[in-house]
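What follows is a single structure, written as C-alpha cells, with notes after it.
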Amino acid sequence: MIVALAGGTGGSKMVHGLALANGQRDLSAIVNTGDDGEFFGLLVCPDLDINLYCLAGVVADRGWGYADDTFHCLEGLSTYGREAWFGLGDRDLATHVHRTLMMRDGARLSDVVDDLRERLGVEARVMPMTDDPVRTIITTPSGERRFQEYLVRDGAREEIDAIRVEGLAEASPAPGVLDAIAEADLIVIAPSSPIVSIGTILGVPGVRDAVAARRDRVIGVSPIVGGAPVEGPAQKFLRGAGYGECSARQMAEIYADVCATFVIDASDEAEAAAIEDLGVRPVLTDVLMPDRAARERLARVVIEAAG
Ligand code: GDP
Numbered sequence: 002m003i004v005a006l007a008g009g010t011g012g013s014k015m016v017h018g019l020a021l022a023n024g025q026r027d028l029s030a031i032v033n034t035g036d037d038g039e040f041f042g043l044l045v046c047p048d049l050d051i052n053l054y055c056l057a058g059v060v061a062d063r064g065w066g067y068a069d070d071t072f073h074c075l076e077g078l079s080t081y082g083r084e085a086w087f088g089l090g091d092r093d094l095a096t097h098v099h100r101t102l103m104m105r106d107g108a109r110l111s112d113v114v115d116d117l118r119e120r121l122g123v124e125a126r127v128m129p130m131t132d133d134p135v136r137t138i139i140t141t142p143s144g145e146r147r148f149q150e151y152l153v154r155d156g157a158r159e160e161i162d163a164i165r166v167e168g169l170a171e172a173s174p175a176p177g178v179l180d181a182i183a184e185a186d187l188i189v190i191a192p193s194s195p196i197v198s199i200g201t202i203l204g205v206p207g208v209r210d211a212v213a214a215r216r217d218r219v220i221g222v223s224p225i226v227g228g229a230p231v232e233g234p235a236q237k238f239l240r241g242a243g244y245g246e247c248s249a250r251q252m253a254e255i256y257a258d259v260c261a262t263f264v265i266d267a268s269d270e271a272e273a274a275a276i277e278d279l280g281v282r283p284v285l286t287d288v289l290m291p292d293r294a295a296r297e298r299l300a301r302v303v304i305e306a307a308g
C-alpha cells in the first residue's frame with residue numbers, strides 16, 4: 002500500500018500520478034482539512050474535494066472544482082448581496098450540500114468522504130487527517146483571516162505575522178490514519194505546502210511521530226524549484242512560519258525528521274550536497290507535473306527511488 006500525505010493543488014497532482022502509476026486499489030491519501038471552511042451554511046473541504054475529483058477523473062482543467070461546471074447559484078447569491086469570492090460551481094455545490102446534510106444527520110467527515118468516494122467511483126482510499134474541525138488562521142498586520150479569506154478573497158497580498166491552526170492540538174487522527182501510516186509499504190509526502198498542508202497534517206497529535214517511526218519508508222517531493230514555488234504564495238507562508246529561506250534544501254530540512262529520501266528538481270542539483278548533510282538522501286528528476294504523463298512519470302520515479 003502506498004500512502005500519500007496531500008494538500009490541494011500540488012498534493013492532488015501527486016496523488017493522481019501515484020494512481021496512474023500504481024493503480025488506485027493500493028493507494029490511500031491522507032488529506033489536509035485545515036483549509037476547510039463554511040460558505041453559505043455549507044461545509045466546504047477544498048483539499049479533500051480536489052483529491053476526490055482528480056481520482057474520479059472529473060476535476061476541471063484549471064485543477065480545482067468540477068469539470069464544465071457553471072456558476073449560476075453563485076451569481077444568484079451575488080445578486081442578493083452575498084459575498085461570492087469563493088468559486089463554488091453548481092455541480093460542486095451538490096458535494097457541499099450532500100456533505101453538510103450527512104453531517105447534520107450525525108455522520109463523521111471520514112464517513113462522508115467515504116460516501117463521496119464510493120459514489121464518484123474512486124477506488125483509492127481517501128481520508129481526512131482528522132474528523133475534528135480544525136481551521137488555519139492567518140494573522141496579518143491588519144488582523145486575523147480565515148485561510149480562504151487570506152488566500153482567495155485577499156489574494157495572499159499581505160505579509161503573514163503568524164499562522165495557527167484552531168482545534169489542532171485537541172484533534173485526533175481520523176479512523177484508519179495511524180494504521181495506514183504504520184502499515185504502508187511506502188509513504189509519499191506530496192509537493193504540497195510544508196506549512197499549511199503537510200505541516201497541518203503532521204500537526205495532528207500522533208501523526209508526526211507515526212510518520213517519523215516509518216522514516217526509512219518515507220519519500221518527500223519538493224514543491225520548490227529554483228528557489229520559488231511552482232505556483233502559489235509559498236514564500237509568504239514560509240516567512241510567516243519563521244523560515245527565512247525558500248528552497249528545496251529548506252523543504253528537506255523541515256522534513257528531515259520524517260523522511261529519509263527527498264526528491265528535488267534536477268535544476269536544484271547544487272542543493273543536493275546540503276540535503277545530504279541533513280541526513281536526507283536527495284533524488285534528482287523533473288518534479289513539474291503539468292499533465293497526466295508528467296504526473297505518472299514522477300510517481301514512477303518516486304516509487305522506484307523508494308526501492
Ligand atoms: P493547496 O492546499 O491548494 O494550497 O495546495 P498544496 O499545499 O497541495 O500545494 C501547494 C504547492 O504545490 C505549492 O507550493 C506549489 O509549488 C506546489 N506545486 C504545484 N504544482 C506542482 C508541480 O507540478 N510540481 C511540484 N513539485 N510542486 C507543485
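Under the numbering used here, the very last position in the sequence shown is 308; numbers go up by exactly one each time.
Glycine is no exception: its CB is placed at the ideal position from the N, C-alpha and C atoms.
Predicted, not measured: the structure shown is a model, and the values here were computed from it.
Q.
Using 7 Å as the threshold, is the C-beta distance between residue 7 and residue 173 below it?
A. As a working note, residue 7 is residue 6 in the sequence shown. As a working note, residue 173 is residue 172 in the sequence shown. Cβ distance not < 7 Å, so residue 7 and residue 173 don't count as in contact.
Q) Is it buried or exposed for residue 143, if we count other Cβ within 10 angstroms and need 16 for buried? A) Residue 143 sits at position 142 when you count from the first residue of the sequence shown. By the 10 Å Cβ count, residue 143 comes out exposed.
Q: Compare the Cα-Cα distances from residue 43 to each of 100, 117, 114, 259 and report the closest residue.
A: If you number the sequence shown from 1, residue 43 lands on position 42. The shortest Cα separation from residue 43 among 100, 117, 114, 259 belongs to 100.
Q. Just to check, is the beta-carbon of residue 262 closer than 6 Å to a non-hydrogen atom of ligand 1?
A. On the sequence shown, position 261 is the one that residue 262 refers to. Not one heavy atom of ligand 1 sits closer than 6 Å to the Cβ of residue 262.
(Q) If I follow the unbroken beta strand (DSSP E) through residue 285, where does it start and stop? (A) Counted from its first residue, the sequence shown places residue 285 at position 284. Residues 282-286.
Q. Between which two residues does the beta strand (DSSP E) containing residue 29 stretch?
A. Within the sequence shown, residue 29 is the residue found at index 28, counting from 1. For residue 29, the uninterrupted beta strand (DSSP E) run begins and ends at 28-32, by DSSP.
(Q) Between which residues of its own chain and residue 35 is the CB-CB distance below 7 Å, once the five residues before and five after are set aside? (A) Looking up residue 35 in the sequence shown gives position 34. Around residue 35: 135, 136, 137, 148, 166, 197, 201.
Q | Residue of 225, 203, 307, 141 minimising C-alpha distance to residue 175 | A | To locate residue 175, count along the sequence shown from 1; it is residue 174. The candidate whose alpha carbon is nearest that of residue 175 is 203.
**Q.** Residue closest to residue 31, alpha-carbon to alpha-carbon, out of 23, 284, 49
**A.** Residue 31 sits at position 30 when you count from the first residue of the sequence shown. Out of 23, 284, 49, 49 has the C-alpha closest to the C-alpha of residue 31.
Q.
Nearer than 6 Å: is that true of the beta carbon of residue 127 relative to any heavy atom of ligand 1?
A. As a position in the sequence shown, residue 127 is number 126, starting the count at 1. Result no, Cβ not under 6 Å from ligand 1.
Q: Check whether the Cβ atoms of residue 227 and residue 268 sit closer than 7 Å, and answer yes or no.
A: On the sequence shown, residue 227 is found 226 positions in, with the first residue counted as 1. On the sequence shown, residue 268 is found 267 positions in, with the first residue counted as 1. Yes; because the gap between Cβ atoms is below 7 Å, this pair is in contact.
(Q) DSSP three-state label for residue 130, please. (A) Counted from its first residue, the sequence shown places residue 130 at position 129. In the structure shown, residue 130 sits in coil (DSSP, three-state: anything other than H, G, I, E or B).
Q. Exposed or buried, residue 218, counting other C-beta atoms within 10 Å across all chains shown (16 or more means buried)?
A. Looking up residue 218 in the sequence shown gives position 217. Its Cβ being crowded by 16 or more others within 10 Å, residue 218 is buried.
Q.
Closest to residue 98 by C-alpha separation, out of 254, 46, 191, would be which residue?
A. Here residue 98 refers to the residue found at position 97 of the sequence shown. It is 46 whose Cα lies nearest to the Cα of residue 98.
Q: Go to residue 7, then tell me how far its beta strand (DSSP E) extends in each direction, as first and last residue.
A: The residue labelled residue 7 in the question sits at position 6 within the sequence shown. Segment 3-7, the beta strand (DSSP E) holding residue 7.
Q: Can you tell me which of 230, 296, 308, 225 puts its alpha carbon nearest to the alpha carbon of residue 262?
A: Counting from one through the sequence shown, the residue named residue 262 turns up at place 261. Looking at the Cα atoms, 308 is the closest of the given residues.
Q | Whole-Å CB distance - residue 249 paired with residue 266, under 8 Å assumed | A | Against the sequence shown, residue 249 aligns to sequence position 248. Against the sequence shown, residue 266 aligns to sequence position 265. With a Cβ gap of about 7 Å, residue 249 and residue 266 count as contacting.
Q.
Check for me: the alpha helix (DSSP H) holding residue 57 runs from which residue to which?
A. To locate residue 57, count along the sequence shown from 1; it is residue 56. Where residue 57 is concerned, the enclosing alpha helix (DSSP H) stretches over 47-57.
Q. Closer than 6 Å: is that where the CB of residue 290 sits relative to any heavy atom of ligand 1?
A. Taking the sequence shown and counting its residues from 1, one reaches residue 290 at position 289. Residue 290 Cβ: within cutoff of ligand 1.
Q) Looking at C-alpha atoms only, which residue of 215, 221, 186 is the closest neighbour of residue 29? A) As a position in the sequence shown, residue 29 is number 28, starting the count at 1. Taking residue 29 as reference, the option from 215, 221, 186 with the minimal CA-CA separation is 186.
(Q) Taking the beta carbon of residue 102 as the centre, do at least 16 other beta carbons fall within 10 Å, making it buried, or is it exposed? (A) By one-based count along the sequence shown, residue 102 stands at place 101. Label assigned to residue 102: exposed.
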